[in-house]
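In what follows, a single structure is set out as structure tokens and then discussed.
Protein chains: 2
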Amino acid sequence: MQIAFALYPAFTALDIVGPFNVLAYGPDVDAVFVAESLEPLSADVGALRMLPGATFEQCPAPDVVVVPGGPGSRRIAELGSLVEWLRRVHPGTQYTTSVCTGAFALAAAGILDGRRATTHWASHDRLADYGTIPVDERVVFDGKVVTGAGVSAGIDMALTLAGVLWGDEVAQSIQLGNEYDPQPPYSAGSPRTAPPHIVHSIRQVVGA
Amino acid sequence: MQIAFALYPAFTALDIVGPFNVLAYGPDVDAVFVAESLEPLSADVGALRMLPGATFEQCPAPDVVVVPGGPGSRRIAELGSLVEWLRRVHPGTQYTTSVCTGAFALAAAGILDGRRATTHWASHDRLADYGTIPVDERVVFDGKVVTGAGVSAGIDMALTLAGVLWGDEVAQSIQLGNEYDPQPPYSAGSPRTAPPHIVHSIRQVVGA
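Structural data, given as structure tokens:
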């Protein structure tokens, strides 16, 4: 099974590496990082640079697609080569997935039309601009389209998908291999639990 | 503040990208990926390739060091250029940290002598071979040496460290930006909670 992990300039690194570190360990997975060209791409914090393994053209029929987010929901929706590639490959995928604002690339490709989906909490309301039904959940399945909430939600999205693709035992093995027994030192990971003034300030920075 | 994220062949991607996606968003952080040379390095699942930004030689005085794990605790301890660099830079760091089996590079450099430390659960007992006191906790502080348990524990380690470096509010802001409100679909992330036969099989694969 080929799983394509999309890259583009200023992607958020954990959005794509979280799902990679789950799904790439599945049975008989051919994992590939795809982008417009084979040039290195810098993450939104530019010190992190990754090398794609294939261009979008060289990846015409992936079984699963994972699209990460990055700053600026509108910018993500305007990534022409990514959006075009999603339009081409989505009809043939088993699952088309996104993490965080990656949902806006799916939305721009028409993949979320009338579907239920999630994204980073600070960009949630904007999904409706694309004819999508925003759902305030961490992982949302709607048919073969799977969306995860912000950044670290990609790990939960990928583990849930691993269970669907390969069964609970394989997914549990991957979880244990990753020692994914989270113990955050604060309860500030959601706008429901974080201090209100922190929610306000992050909304200004992230929700563009 | 310069934070150096170490890379070497067959590193585990989430071990280093988890802490990066926390610490690189701190105030006035100069994040740099360092390795023996500037050549691209493949993760343990080889489709993921990263480009270092500096060689070990070009990074003589980092304020914080983060060392990821990878398969094979003995192999990690034998990464000569990494271990030598850790010996050189550790006396000048504010914090020297590891995730997962990255602890074995610190151990080989003598940094864990007589200290309390953690690592991936399946490699825990081997820490004692290096004169280290294995502690069954997800994040362990011993003076300026900070170790995290397996793979995804790097996120918790880095958030805890962010709180120490920059205060609770900055750490909470980073947590909220990452929407780190984990909701694993299974309770299999620890050998205490995973089904025993899964613990057994992962121990065979990972605990080498």
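Taken in order, these protein sequences are the chains called A and B.
So for the first sequence, my numbering puts the first residue at 55; every next one is plus one.
So for the second sequence, my numbering puts the first residue at 55; every next one is plus one.
Positions of the beta carbon are idealized from the N, C-alpha and C atoms, including for glycine.
Since the model is a prediction, treat every value here as computed from it, not as a measurement.
What I want to know is whether the C-beta of residue i ends up closer than 7 Å to one or more non-hydrogen atoms of the ligand GDP.
i, result
"Pro125(B)", "No copy of the ligand GDP occurs in the structure displayed, which carries no ligand at all."
Smallest Cα separation from residue i: which of the options?
i, options, result
"Ala78(B)", "Ala212(B), Ala176(B) and Glu191(B)", "Ala212(B)"
"Ser206(A)", "Arg192(B), Phe74(B) and Met55(B)", "Phe74(B)"
"Pro239(A)", "Leu215(B), Gln237(B), Ile256(B) and Pro238(B)", "Leu215(B)"
"Ala85(B)", "Leu92(A), Arg103(A), Leu95(A) and Asp82(A)", "Arg103(A)"
"Gly72(A)", "Pro245(A), Ala203(A), Thr186(A) and Gly126(A)", "Ala203(A)"
"Pro236(A)", "Glu223(B), Thr247(B) and Leu92(B)", "Thr247(B)"
"Ile165(B)", "Leu219(B), Gln56(B) and Asp196(B)", "Asp196(B)"
"Ala101(A)", "Pro188(B), Pro245(B) and Val83(B)", "Val83(B)"
"Val118(B)", "Tyr234(B), Leu219(B), Ala67(B) and Pro245(B)", "Leu219(B)"
"Cys113(A)", "Glu93(A), Arg142(A) and Arg129(A)", "Arg142(A)"
"Val234(B)", "Val224(A), Leu230(A) and Pro245(A)", "The question names Val, yet the displayed sequence has Tyr at residue 234(B). The candidate whose alpha carbon is nearest that of Tyr234(B) is Pro245(A)."
"His174(A)", "Ala161(B), Leu230(B) and Phe110(B)", "Leu230(B)"
"Arg129(B)", "Glu111(B), Ala161(B) and Phe110(B)", "Ala161(B)"
Within 10 Å of its beta-carbon, does residue i have 16 or more other beta-carbons around it, so buried, or fewer, so exposed?
i, result
"Arg192(B)", "buried"
"Asp210(A)", "buried"
"Gln226(B)", "buried"
"Ser241(A)", "exposed"
"Gly208(A)", "buried"
What's the gap between the Cα of residue i and the Cα of residue j?
i, j, result
"Leu133(B)", "Phe59(B)", "15 Å"
"Pro122(A)", "His144(B)", "35 Å"
"Ala108(B)", "Ser91(B)", "7 Å"
"Tyr149(A)", "His251(B)", "30 Å"
"Asn232(B)", "Gly80(B)", "13 Å"
"Val254(B)", "His178(A)", "The sequence shown places His at residue 254(B), not Val. Each residue's Cα considered, the two are about 42 Å apart."
"Asp98(A)", "Gly243(B)", "29 Å"
"Thr186(B)", "Ala131(A)", "50 Å"
"Ser135(B)", "Arg257(A)", "43 Å"
"Ser127(B)", "Leu181(A)", "45 Å"
"Gly168(A)", "Lys198(A)", "14 Å"
"Ile57(A)", "Pro116(A)", "6 Å"
"Trp223(B)", "Val259(A)", "Inspection of the sequence shows that residue 223(B) is occupied by Glu rather than by Trp. Whole-angstrom Cα-Cα distance: 15 Å."
"Ile70(A)", "Asp190(A)", "21 Å"
"Met55(A)", "Pro249(B)", "27 Å"
"Phe110(A)", "Glu93(A)", "12 Å"
"Thr155(A)", "Asp183(A)", "14 Å"
"Pro188(B)", "Pro188(A)", "46 Å"
Which residue comes first and which comes last in the alpha helix (DSSP H) that contains residue i?
i, result
"Asp69(A)", "Ala67 to Leu77"
"Met211(A)", "Ala207 to Trp220"
"Arg142(A)", "Gly134 to Val143"
"Val200(B)", "From DSSP, Val200(B) is part of no alpha helix (DSSP H) but of the beta strand (DSSP E) over Val199 to Gly202."
"Val86(A)", "Unbroken run through Val86(A) is the beta strand (DSSP E), Asp84 to Ala89; no alpha helix (DSSP H)."
"Arg257(B)", "Pro250 to Val260"
Could you tell me the boundaries of the beta strand (DSSP E) in which residue i lies?
i, result
"Ala131(A)", "Element bounds for Ala131(A): not the beta strand (DSSP E) but the alpha helix (DSSP H), Ser127 to Ala131."
"Ile165(A)", "Premise fails: Ile165(A) is in no beta strand (DSSP E) and is neither H nor E."
"Ser152(B)", "Tyr149 to Val153"
"Gln56(B)", "Gln56 to Ala60"
"Arg103(A)", "Arg103 to Leu105"
"Val120(A)", "Val118 to Val121"
"Val193(A)", "Val193 to Asp196"
CB residue i to CB residue j, shorter than 8 Å?
i, j, result
"Pro63(B)", "Leu95(B)", "yes"
"Ala157(A)", "Val137(A)", "no"
"Gly124(B)", "Phe65(B)", "yes"
"Thr201(A)", "Thr147(A)", "no"
"Val153(B)", "Ala171(B)", "no"
"Ala176(B)", "Leu140(B)", "no"
"Val76(B)", "Ile228(B)", "yes"
"Leu68(B)", "Ala89(B)", "no"
At 7 Å on the CB atoms, spell out the chain C contacts of residue i, in chain order.
i, result
"Val200(B)", "No chain C is part of this structure, whose protein chains are labelled A and B."
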